[in-house]
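In our numbering, the protein residues as written are 24 to 210. Notes to accompany the following structure.
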């Protein structure tokens, strides 16, 4: 039994009946990477004062606010896919022209600091809840990824992990490649 499995079992024992957990079929390792990436990104974001949110990021031509919006909008898009799967509805593509118009990065990057922070917090919590409530069979349903190619929803956990850890580096305020989990470090 892995350390992650032991930690999950201990959590279930502490929380008891009535608590909700990821489905046994969920990609536990990838979800752990995404959730630790969420915590790391949140830490780096919270180290920035409000004015620093509008400073240049490590992404050419983009501010840190753009990075925050990109991370948040990705969480919302994955949430829409997982919610559709859980409801038995048609799974929308990750990139949807209707939502892209509403979630314009340049417009989002003009949000006030408090709104940017809340956008990240809310989208991260919402995605975590949607993932937790996704039935086991839902993880194998397919939806179009960012490139339009169908992939199982279980792939969204690693997509999210990669986005979070890379975006923490892109904030440019002290995140280091050596902070990344080994599986996510560039080769």
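Beta carbons: idealized from backbone N, C-alpha and C, even for Gly.
Inter-residue CB distance, residue i and residue j (contact presumed, cutoff 8 Å)
| i | j | result |
| --- | --- | --- |
| residue 117 | residue 93 | Between residue 93 and residue 117 the Cβ distance is about 13 Å, and since that is not below 8 Å, they are no contact. |
| residue 139 | residue 91 | 5 Å |
Three-state secondary structure (DSSP) of residue i
| i | result |
| --- | --- |
| residue 86 | strand |
| residue 78 | coil |
| residue 204 | coil |
| residue 174 | strand |
| residue 167 | strand |
| residue 63 | helix |
| residue 195 | coil |
Neighbour-count burial assignment, residue i, 16 or more Cβ in a 10 Å radius
| i | result |
| --- | --- |
| residue 86 | buried |
| residue 148 | exposed |
| residue 98 | buried |
| residue 108 | buried |
| residue 132 | buried |
| residue 203 | buried |
Distance between residue j and residue i (C-alpha atoms, nearest Å)
| i | j | result |
| --- | --- | --- |
| residue 160 | residue 75 | 43 Å |
| residue 150 | residue 106 | 9 Å |
| residue 80 | residue 206 | 24 Å |
| residue 88 | residue 193 | 11 Å |
| residue 111 | residue 165 | 12 Å |
| residue 36 | residue 84 | 49 Å |
| residue 137 | residue 145 | 12 Å |
| residue 51 | residue 126 | 29 Å |
| residue 195 | residue 82 | 9 Å |
| residue 174 | residue 121 | 21 Å |
| residue 32 | residue 135 | 41 Å |
Proximity below 8 Å, CB of residue i to CB of residue j
| i | j | result |
| --- | --- | --- |
| residue 63 | residue 188 | yes |
| residue 162 | residue 48 | yes |
| residue 56 | residue 181 | yes |
| residue 153 | residue 190 | no |
| residue 155 | residue 45 | yes |
| residue 53 | residue 184 | yes |
| residue 67 | residue 171 | no |
| residue 34 | residue 104 | no |
| residue 142 | residue 95 | yes |
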